[in-house]
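Worksheet: one structure, shown below.
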Amino acid sequence: MPPKQERGPRPIYYVSPLFFALACVLLAAIIGIFAISNIQREKRLMTRALSQEGMAIGNLVSAGARTMIRRSMMRGELDEESWRQALRQFIDNGSDHTRLRALYLAKDDGTITVHSSPTLEGTVLSEETRAFLRGVRPPDRHDPFRFAIGSGGEEVFQVARPFFSSLNGLMPHHRDMGRGRMGPRGERGLAEVDRFFNTVLQQEYLLVVELDLADYRQAVRAQLTQVALLSFILLLVGSGGIVSLMMLQGLRGSQLRLSRMRAFTDLLVSSLPIGLIATGPDARIRTCNGSACTMLGLEQDQTLGRTFAEALPDYLTGQDSPGMAEDDRTRWEVTLPAADGEKKSLHISRLVLHDDNRPAGTLLLLQDLSQVRALERALARVERDAAIGRMAAGVAHEIRNPLSSIKGLALLLRGRLDNDALAAENLDLLVAEVERLNRSIGELLDFARPGHLETTRVAVDALVARGVALLRSDAQASTVEIRESYRCRDAFITADEDKVLQVILNLGINAIQAMPDGGRLAVTTQCDERTATISIEDSGPGMAPEVLEKVFDPYFTTKPEGTGLGLSMSKKIVEDHGGSITVDSSPGAGTQIAIHLSRS
Numbered sequence: 001m002p003p004k005q006e007r008g009p010r011p012i013y014y015v016s017p018l019f020f021a022l023a024c025v026l027l028a029a030i031i032g033i034f035a036i037s038n039i040q041r042e043k044r045l046m047t048r049a050l051s052q053e054g055m056a057i058g059n060l061v062s063a064g065a066r067t068m069i070r071r072s073m074m075r076g077e078l079d080e081e082s083w084r085q086a087l088r089q090f091i092d093n094g095s096d097h098t099r100l101r102a103l104y105l106a107k108d109d110g111t112i113t114v115h116s117s118p119t120l121e122g123t124v125l126s127e128e129t130r131a132f133l134r135g136v137r138p139p140d141r142h143d144p145f146r147f148a149i150g151s152g153g154e155e156v157f158q159v160a161r162p163f164f165s166s167l168n169g170l171m172p173h174h175r176d177m178g179r180g181r182m183g184p185r186g187e188r189g190l191a192e193v194d195r196f197f198n199t200v201l202q203q204e205y206l207l208v209v210e211l212d213l214a215d216y217r218q219a220v221r222a223q224l225t226q227v228a229l230l231s232f233i234l235l236l237v238g239s240g241g242i243v244s245l246m247m248l249q250g251l252r253g254s255q256l257r258l259s260r261m262r263a264f265t266d267l268l269v270s271s272l273p274i275g276l277i278a279t280g281p282d283a284r285i286r287t288c289n290g291s292a293c294t295m296l297g298l299e300q301d302q303t304l305g306r307t308f309a310e311a312l313p314d315y316l317t318g319q320d321s322p323g324m325a326e327d328d329r330t331r332w333e334v335t336l337p338a339a340d341g342e343k344k345s346l347h348i349s350r351l352v353l354h355d356d357n358r359p360a361g362t363l364l365l366l367q368d369l370s371q372v373r374a375l376e377r378a379l380a381r382v383e384r385d386a387a388i389g390r391m392a393a394g395v396a397h398e399i400r401n402p403l404s405s406i407k408g409l410a411l412l413l414r415g416r417l418d419n420d421a422l423a424a425e426n427l428d429l430l431v432a433e434v435e436r437l438n439r440s441i442g443e444l445l446d447f448a449r450p451g452h453l454e455t456t457r458v459a460v461d462a463l464v465a466r467g468v469a470l471l472r473s474d475a476q477a478s479t480v481e482i483r484e485s486y487r488c489r490d491a492f493i494t495a496d497e498d499k500v501l502q503v504i505l506n507l508g509i510n511a512i513q514a515m516p517d518g519g520r521l522a523v524t525t526q527c528d529e530r531t532a533t534i535s536i537e538d539s540g541p542g543m544a545p546e547v548l549e550k551v552f553d554p555y556f557t558t559k560p561e562g563t564g565l566g567l568s569m570s571k572k573i574v575e576d577h578g579g580s581i582t583v584d585s586s587p588g589a590g591t592q593i594a595i596h597l598s599r600s
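Position 158 of the sequence shown, counting from 1, maps to 158 under full-length UniProt numbering, and the rest follow consecutively.
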């Protein structure tokens, strides 16, 4: 079960890198459209203003020319030369306009009749300008303004309009009105007017106004500056947004990597076979993995957020040992009773965590050394048994030969002292003790030498029932009731039948001898898919813990006449078969010994 951790902030939603590319393209398009639209709008406004200004100047000159013609017609003094001088005066007066670069009257063939610069009078306009002027007249009339190279050779804004189109209807009307007002000139003045109308007004004239583009360019430059500034601001805002999104994207990636690392760390911590308990700077437990909870029998939800003193026993912090040095409290080992009666050995390591030389918490590492200690005890027992075996072999070799000599001499003397009953009885006793001592030496040699098994396929229930039948007479003599329960049915084991039977007899006899005043002996068999278990349980006084620890040690016995090799031999036989033997006993609760053998 992974250790519980505090949940961090909700992750930011993922944004594809393609979005950033599309955002950049869209931002560039918006800035471009915005700039072009504003520049085009400013150009249209300036073009309209220039065209209106040019038309106003043209209307002013045309109106003056009409007034001058009317007055000259009424006086009978209208001729081409006077008209040119008057028109030049109107053009000169109009040239005072600040933005006016040139003002001239041109014929249909492009010849300049009157110009604000007299040196250009009589010159011919360029073909491009003549084409523009022809387009101003119907039926191909188009916008009467354009940007072009003017008569002075500089780029100007030209506005053109027909000059005499509104004067052609004046001749009949003013001729009748002027006939009686011309005074002494009479018919001669009227003839001059007719000649003027027939020579001058019958030609097509166009009045052209050329305006300076300095203000136009300045306005466009100002607009460009404004557009550039606004575009820069928009670019900064858009770039800031994109950078923010990129930073958020990077933060999202960092959060994903951090969450994956945290998940991997949680999985690693939860999978450790070592118990781990860690606190934060506030001395409260932040992490407690499943191994630690299993070793200590704690609930994870009840430990998180609490201090060591509130959630853990004192032996985990070393505070229950006032005499322990501070350095010794970083590593120590405790032995705890387990639920199955076995002792649990825990090795505890305490480490203070630091972050930039500041305490960041405390880490406790718990390691269950029960199996290690059990292996150490088993290794010590094996080494002791090996030493006893070597000693037994040597002792047996040194004692058996003298015993054979003693037995032989005793039998020889027994044959010569038939008449002495007391001596014969003593010699018989001597021979019996020698034989008993020889049997003990034989048992010792059997325990010391490697086991030799003659295995066959044996039915479990039948083998145990045979051993119980051999025990029945001893049980009746001690008023012990035998209860049998066989549950293995047709299960078999591969074993040395005689040796396994010897183990059952040894355990059964010990159980009967433990109940001298009578009792109950329960013999059961139980099998699963892999193991056959033979259990022998008595209702005797049980064993104290210190006796239970040494019950399989050679020559350890609580019986006055016991040799202390019965249980040792039984365990050795079971282990030679690849099985195990366990004892469960407590004072006043009887003893249960179980033999575990592999099924065949």
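Glycine is no exception: its CB is placed at the ideal position from the N, C-alpha and C atoms.
Using a threshold of 8 Å, state whether the C-beta atoms of residue i and residue j are closer than that.
i	j	result
T113	Y205	yes
C288	L268	no
S349	L336	no
K499	L427	no
S600	L548	no
A424	L430	no
I36	L103	no
L207	R161	yes
E537	A522	yes
S539	G508	no
A469	I512	no
I285	R306	yes
F308	L316	yes
V464	T525	yes
E145	E155	It should be pointed out that residue 145 corresponds to Phe in this sequence rather than to Glu. Against a cut-off of 8 Å, the Cβ pair of E155 and F145 comes out as no contact.
F132	L213	no
Closest to residue i by CA distance: which of the options is it?
i	options	result
V434	D420, G518, N401 and A462	N401
G542	F264, S254, G588 and E575	G588
D356	P281, L105 and M68	P281
D528	T119, V460, Q158 and A387	V460
S291	G54, S239, S231 and Q367	Q367
E121	G152, A378, L501 and A23	G152
I441	T362, A393, A421 and N510	A393
R436	N419, I399 and A374	I399
residue 602	R286, M261 and D553	With the chain covering 1 to 600 only, the question about residue 602 has no answer from this structure.
S404	N419, E383 and A432	A432
A378	E575, E128 and S126	E575
P359	G150, A278, T557 and I33	A278
T494	V503, T455 and I482	T455
Q226	I31, K344 and I91	I31
Helix, strand or coil for residue i? Go by DSSP, reduced to three states.
i	result
K43	helix
A544	coil
S291	helix
Q367	strand
Q513	helix
C24	helix
L18	helix
V574	helix
E435	helix
residue 637	The displayed coordinates of the chain run from 1 to 600. Any statement about residue 637 would go beyond what the structure contains.
T582	strand
I482	strand
K499	helix
K407	helix
G241	helix
R466	helix
Q5	Confidence at Q5 is low in this model, with a pLDDT of 45, below 50, so the placement of that residue should be treated as unreliable; the coordinate-derived value is given next. Correct three-state label for Q5: coil.
R599	strand
P273	coil
T531	strand
Q526	strand
Run through the DSSP bridge pairs and tell me what residue i is partnered with.
i	result
D538	L521 and T591
G361	L353
T494	R457
H115	Y104
F147	F157
E333	H347
P313	Partner(s): none; P313 has no beta bridge.
residue 642	What is shown of the chain runs 1 to 600, which leaves residue 642 out entirely.
Of all Cβ atoms in chain C, is any one closer than 8 Å to the Cβ of residue i?
i	result
E454	Chain labels in this structure do not include chain C; a single protein chain is all it has.
Review point. Contact between the segment 215-230 and the segment 44-57: three or more CB pairs below 8 Å?
Key: Contact between the segment 215-230 and the segment 44-57 is present, because at least three Cβ pairs lie under 8 Å.
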